[in-house]
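First the structure, in the form of structure tokens, and then the observations on it.
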Amino acid sequence: MSLDEQFSKVATSVRNWKTTPSNDENLALYGVFIYFEDNAGVIVNNKGEMKGSGITGPVAKECADLWPRIPSNASSIA
């Protein structure tokens with residue numbers, strides 16, 4: 001099992017250094033890409049719920065939309 005597979009099994013990526021389009025609509029209209037200075041993840045249990053209680057730094061909007069507890073604990077949404 002690769003390191004990426006192990007990471008995705010126990011954690012959710014909330015910030016990626018790799019440049020990715022923010023969503024299909026913004027990419028088509030404006031060519032908008034979002035990137036962060038570093039990578040970050042949140043440790044989750046088998047149900048997909050956060051194990052920790054705090055997130056420092058910004059979180060991608062797509063993660064905030066998928067997991068409601070993540071944005072409530074994050075300092076900002078990007």
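Each residue of the sequence shown is one higher than the last, beginning at 1 in the UniProt record's numbering. Even for Gly, the Cβ is constructed at its ideal location relative to N, Cα and C. Source: prediction; values computed, not measured.
message = Taking the straight line between their C-alpha atoms, what separation do you get for serine 76 and asparagine 45?
response = The residue you call residue 76 lines up with position 76 of the sequence shown. The residue you call residue 45 lines up with position 45 of the sequence shown. Within the model, the alpha-carbon separation for serine 76 versus asparagine 45 is close to 23 Å.
Limits of the unbroken alpha helix (DSSP H) element including isoleucine 70 = The residue labelled residue 70 in the question sits at position 70 within the sequence shown. Per DSSP, the unbroken alpha helix (DSSP H) holding isoleucine 70 starts and ends at 69-73.
message = Assuming residue 80 is part of the beta strand (DSSP E), what are its boundary residues?
response = Outside the shown range of the chain (1 to 78) lies residue 80, about which nothing can therefore be said.
message = I'd like the list of long-range same chain contacts for asparagine 73, defined as Cβ closer than 6 Å, with 5 residues on each side in sequence excluded.
response = Counting from one through the sequence shown, the residue named residue 73 turns up at place 73. Taken in chain order, the residues that qualify are Gly54, Ile55.
Best match in Ile43, Met50, Gly41 for proximity to proline 68 [C-alpha to C-alpha] = Translated into the one-based positions of the sequence shown, residue 68 becomes position 68. Checked all of Ile43, Met50, Gly41; the closest Cα to proline 68 is Met50.
key: Whole-angstrom C-beta distance between lysine 61 and alanine 78, which should lie under 8 Å   = Working through the sequence shown from its first residue, we reach residue 78 at position 78. Working through the sequence shown from its first residue, we reach residue 61 at position 61. Alanine 78 to lysine 61, Cβ: 7 Å. Contact.
query = Going by the beta-carbon positions, is the gap between isoleucine 43 and glycine 52 smaller than 8 Å?
reply = In the sequence shown, residue 43 corresponds to position 43, counting from 1. In the sequence shown, residue 52 corresponds to position 52, counting from 1. If you check the CB distance, isoleucine 43 and glycine 52 come in under 8 Å.
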